[in-house]
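Asker: First to last, the protein sequences are chains A and B.
The first sequence begins at 194 in this note's numbering and counts up by one.
The second sequence begins at 237 in this note's numbering and counts up by one.
By construction, the Cβ of each residue, glycine as well, lies at the ideal position given by its N, Cα and C atoms.
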Amino acid sequence: MKRAKNPWAWFRRCPWLLPALAALVTLACLPLISTTSFAVGFLDPAGTYAILALGLNLLIGGTGQFSLGHAGFFAIGAFTAGILSTNYGWPFWVVIPVAGVVAGLFGAALGLPTLRLIGPYFSMATLGFGLLTAEVLGAASWAGGRTGITLNYPQLGAYTFDEVSFFWVILGVAAVTLFLVWNLRHGATGRAFVALRESDFAARACGIHLARYRVLAFTISAVLAGIAGSLFANWNGFLDASESATSSTFGLPASVAFVAMVVVGGLDSTLGSILGAVFITAVQYWLQDRPELAEMLYGASIVIVLLGAKGGLAGLPAMVYTAWRNLRARGTGEARA
Amino acid sequence: MPEALTVRDLSLSFGGIVALESVDLSVDAGAIGGLIGPNGAGKTSLLNCICRFYQPQGGSIRLGAVDVLRCAPHQLTGHGLARTFQHTELFRAMTVLGNVLVGAHTRGRPSVFADALRLPAARRASAAQASLARGVLERLDLTALADVRAGALPLGLQKRVGLARAIASRPNLILLDEPAAGLNPSEKREMAALLLRLRDELALTLLLIDHDMDLVMGLCDQVTVLDFGRRIASGPPKTIQRDPRVIAAYLGAQYSAVSSEKGQ
Chain A
194 MKRAKNPWAW FRRCPWLLPA LAALVTLACL PLISTTSFAV GFLDPAGTYA
244 ILALGLNLLI GGTGQFSLGH AGFFAIGAFT AGILSTNYGW PFWVVIPVAG
294 VVAGLFGAAL GLPTLRLIGP YFSMATLGFG LLTAEVLGAA SWAGGRTGIT
344 LNYPQLGAYT FDEVSFFWVI LGVAAVTLFL VWNLRHGATG RAFVALRESD
394 FAARACGIHL ARYRVLAFTI SAVLAGIAGS LFANWNGFLD ASESATSSTF
444 GLPASVAFVA MVVVGGLDST LGSILGAVFI TAVQYWLQDR PELAEMLYGA
494 SIVIVLLGAK GGLAGLPAMV YTAWRNLRAR GTGEARA
Chain B
237 MPEALTVRDL SLSFGGIVAL ESVDLSVDAG AIGGLIGPNG AGKTSLLNCI
287 CRFYQPQGGS IRLGAVDVLR CAPHQLTGHG LARTFQHTEL FRAMTVLGNV
337 LVGAHTRGRP SVFADALRLP AARRASAAQA SLARGVLERL DLTALADVRA
387 GALPLGLQKR VGLARAIASR PNLILLDEPA AGLNPSEKRE MAALLLRLRD
437 ELALTLLLID HDMDLVMGLC DQVTVLDFGR RIASGPPKTI QRDPRVIAAY
487 LGAQYSAVSS EKGQ
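#1: Contact between the segment 354 to 364 of chain B and the segment 383 to 399 of chain A is defined here as three or more beta-carbon pairs at a separation below 8 angstroms; is this criterion met?
#2: Please list, in chain order, all residues of the same chain as residue 486 (chain B) whose beta carbon is under 7 angstroms from its beta carbon, the five residues on each side excluded.
#3: Can you grab the Cα-Cα spacing for the pair residue 351 (chain B) / residue 245 (chain A), in whole Å?
#4: Where do the N-terminal and C-terminal ends of the alpha helix (DSSP H) with residue 426 (chain B) fall, by residue?
#5: Under the three-state reduction of DSSP, which class applies to residue 262 (chain A): helix, strand or coil?
#6: Are the CB atoms of residue 419 (chain A) and residue 292 (chain A) within a distance shorter than 7 angstroms?
#7: How would you label residue 496 (chain B), buried or exposed, when you count the other beta carbons within 10 angstroms and need 16 or more for buried?
#8: Under 6 angstroms Cβ to Cβ from residue 315 (chain B), same chain only, skipping five residues before and after it: list those, please.
#9: Skipping 5 residues on each side, what residues in its chain have a beta carbon closer than 7 angstroms to that of residue 396 (chain B)?
#10: Tell me whether residue 289 (chain A) is buried or exposed, calling it buried when 16 or more other Cβ atoms sit within 10 Å of its Cβ.
#11: Bridge partners for residue 342 (chain A) per DSSP, in chain order?
#12: Can you confirm whether residue 382 (chain A), when its beta carbon is compared against all beta carbons of chain B, has any partner nearer than 7 angstroms?
#13: Give a yes or no on whether 7 angstroms exceeds the smallest Cβ distance from residue 496 (chain B) to chain A.
#14: Looking at residue 457 (chain A): is its Cβ nearer than 7 angstroms to the Cβ of residue 505 (chain A)?
#15: Ends of the alpha helix (DSSP H) at residue 486 (chain A)?
#16: Mind listing which residues of the segment 268 to 299 of chain B have their C-beta closer than 7 angstroms to chain C's C-betas, in chain order?
#17: Quick check on residue 261 (chain B): does DSSP put it in helix, strand or coil?
#18: Our contact map puts residue 439 (chain B) next to residue 270 (chain B) with C-beta atoms below 8 angstroms; I'd like the distance itself, whole angstroms only.
#19: Could you tell me which residues DSSP puts in a beta bridge with residue 250 (chain B)?
#20: Tell me where the alpha helix (DSSP H) around residue 357 (chain A) begins and ends.
#21: Are the CB atoms of residue 308 (chain B) and residue 410 (chain B) within a distance shorter than 7 angstroms?
#22: What would DSSP say about residue 311 (chain A), mapped onto helix, strand or coil?
#23: Counting only runs of 4+ residues fully inside the segment 277 to 362 of chain B, write out the alpha helix (DSSP H) ranges in chain order.
#24: Step through the CB atoms of chain A and report whether any lies within less than 7 angstroms of the CB of residue 500 (chain B).
#25: Listed in chain order, which residues of the segment 406 to 418 of chain B have Cβ atoms closer than 8 angstroms to some Cβ of chain A?
#26: How about residue 262 (chain A) and residue 319 (chain A): do their beta carbons lie closer than 7 angstroms?
#27: Would residue 344 (chain A) and residue 442 (chain A) qualify as a contact pair, given that the criterion is a beta-carbon distance under 7 angstroms?
#28: Applying a beta-carbon distance threshold of less than 8 angstroms, which residues of chain B neighbour residue 401 (chain A)?
#29: Roughly how many angstroms lie between the CA atoms of residue 388 (chain A) and residue 388 (chain B), to the nearest whole one?
#30: What separation, rounded to the nearest whole angstrom, lies between the Cα atoms of residue 338 (chain B) and residue 290 (chain B)?
#31: Which residue marks the beginning of the alpha helix (DSSP H) containing residue 456 (chain A), and which one marks its end?
#32: Taking 7 angstroms as the CB-CB cut-off, is residue 327 (chain B) touching chain A?
#33: Hey, residue 242 (chain A) and residue 470 (chain A): beta-carbon distance below 7 angstroms or not?
#34: Less than 8 angstroms between C-beta atoms, sequence neighbours within five positions excluded: which residues of the same chain meet that for residue 339 (chain A)?
#35: In three-state terms, what does DSSP make of residue 463 (chain B)?
Right, dumping it as structure tokens:
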């Protein structure tokens with residue numbers, strides 16, 4: 194194959210490349226002006242949860258299987274990272290993919306027996322898994338117990354990351370994740386996921402291997418939740434497993450917040466996953482002194498989205514445009530389109 | 237004529253309820269077979285056994301030389317089997333083109349890794365699938381609707397999209413569950429003409445269930461009649477129309493050749 198000589202040919206062939214690069218550069222500038230508390234409270238969690246939401250939306254939006262247990266995979270990733278870096282001194286760039294693999298193995302192990310479960314039964318099974326994981330971690334001495342696990346700042350050669358500069362790592366992982374998830378969702382694999390969601394009978398009659406694709410979607414979402422958990426361990430620097438079943442980091446409230454990200458961002462919308470993660474994190478950050486108000490707000494936003502704006506944040510521009518067009522049509526006395 | 241589909245001595249029951257009792261059925265390659273009978277006779281159950289949605293307790297199903305009962309459901313498209321559904325079962329949120337692309341799932345799909353990394357192999361495979369799907373849309377006169385959401389179409393067009401989705405897997409045999417149900421008379425005639433044309437152009441074998449006797453008797457080369465899970469008759473339409481058991485169980489006097497002769 195002949196290589197394009199002119200580098201601008203790349204931009205012409207991929208029209209998304211230029212805006213994507215611009216967005217990446219803009220986001221990469223944020224640590225330069227960010228304080229530590231803004232990085233810890235908003236930048237790092239938003240990026241981390243965006244990675245998780247991208248995977249979870251493949252599962253929830255793509256295959257239509259609502260998981261209420263992804264905080265479990267997040268916790269598995271976080272504690273894998275915590276234990277490997279503090280007890281064994283593994284560098285963070287090895288720990289992160291390994292945490293993804295470990296969470297992915299748990300995902301496959303849970304995905305296989307639950308693949309025949311549909312709707313509420315699947316949700317209940319994953320809910321049970323999330324609670325079980327949190328309780329086991331809370332009781333296990335190797336998970337830190339009441340003293341928790343304290344991680345060192347991640348190092349790359351002679352350079353030591355802090356909470357602010359670690360955002361660059363998160364951003365890099367998030368960019369790669371977005372690329373992979375976008376391709377999957379808009380390729381043959383994503384089509385198979387949606388086909389299973391819409392009619393599993395017809396999907397199977399079209400030759401789609403139901404077990405393979407259900408487990409695949411579940412495993413991918415578990416891997417990304419595990420990677421997100423390991424990133425969290427690195428920038429947060431501290432993991433506390435005690436009472437984690439009810440904690441908003443590893444417990445049921447976290448699982449619910451993850452679902453909220455996907456639903457509010459836009460079911461089955463790749464970019465919506467990121468918007469949702471950013472939105473929920475922003476609500477939590479600006480209302481950090483009033484956590485009950487934050488939960489109320491995103492609880493209400495789930496209800497609003499499900500009742501009135503199924504597209505979520507990602508569908509908002511189209512909804513506003515339609516409403517505006519209808520309004521204008523009425524204004525000029527034309528019939529509604 | 238070799239048989240494209242051979243069902244022998246097939247039995248299926250759910251708990252204590254017998255859905256099929258040693259049913260035999262065969263369709264010659266290139267022929268159109270019909271499957272009729274009253275509601276609850278087991279017609280769709282038989283189709284679901286052939287698709288491996290149901291596990292029969294006994295008997296055998298062969299697609300040409302392939303033993304269907306040794307296959308998993310997703311493997312059957314690879315052996316040339318496709319089907320449509322009574323209630324269309326379209327992927328409603330997807331476009332018409334998307335539905336047909338899922339139909340082409342087993343025809344040169346890229347691997348998950350190639351897909352995720354958007355490797356050249358994945359792009360070539362996607363392009364090939366897209367051209368296959370576009371060709372199917374063209375053949376079924378659906379090109380103008382390619383980007384319309386399938387769930388937004390009227391039933392007649394949805395049935396045609398279901399057929400397009402089945403065709404996209406390049407089948408030898410298509411099982412059609414009530415292709416004309418819910419269609420108006422002119423749509424029914426169109427559907428019948430379409431089925432005949434596709435059979436001839438693509439060298440297909442068809443097995444169809446329908447309650448419209450004009451359609452079944454007009455299209456089919458062989459008709460099998462089920463009643464309470466048992467085959468009560470099988471043969472060319474002319475014979476079936478005269479069979480007293482079929483008249484008693486299902487047809488009534490209206491379609492029976494016997495009664496019309498008596499009338500004269």
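Answerer: In brief:
#1: no
#2: 272, 273, 274, 461 and 463
#3: 20 angstroms
#4: 421 to 438
#5: coil
#6: yes
#7: Caution applies to residue 496 (chain B), whose pLDDT of 45 falls short of 50 and renders its modelled position unreliable; the model cannot decide the point.
#8: 299 and 302
#9: 376 and 378
#10: buried
#11: A:432
#12: yes
#13: Only weak support is given to the placement of residue 496 (chain B): the predicted model assigns it a pLDDT of 45, under 50, and the value that follows is read from those uncertain coordinates. For residue 496 (chain B), the answer is no, since every Cβ of chain A falls outside 7 angstroms of its Cβ.
#14: yes
#15: 484 to 501
#16: Absent from the structure: chain C. Protein chains present are A and B.
#17: strand
#18: Not really, about 19 angstroms apart at Cβ, beyond 8 angstroms.
#19: B:253
#20: Run containing residue 357 (chain A): none; DSSP gives neither H nor E here.
#21: no
#22: coil
#23: 279 to 286, 332 to 339 and 348 to 353
#24: Unreliable positioning characterises residue 500 (chain B) in this predicted model, as indicated by a pLDDT of 38, which lies under 50. The coordinate reading is nonetheless provided below. By this cut-off, residue 500 (chain B) is not an interface position.
#25: none
#26: yes
#27: no
#28: 310, 338 and 341
#29: 17 angstroms
#30: 22 angstroms
#31: 445 to 458
#32: yes
#33: yes
#34: 435
#35: strand
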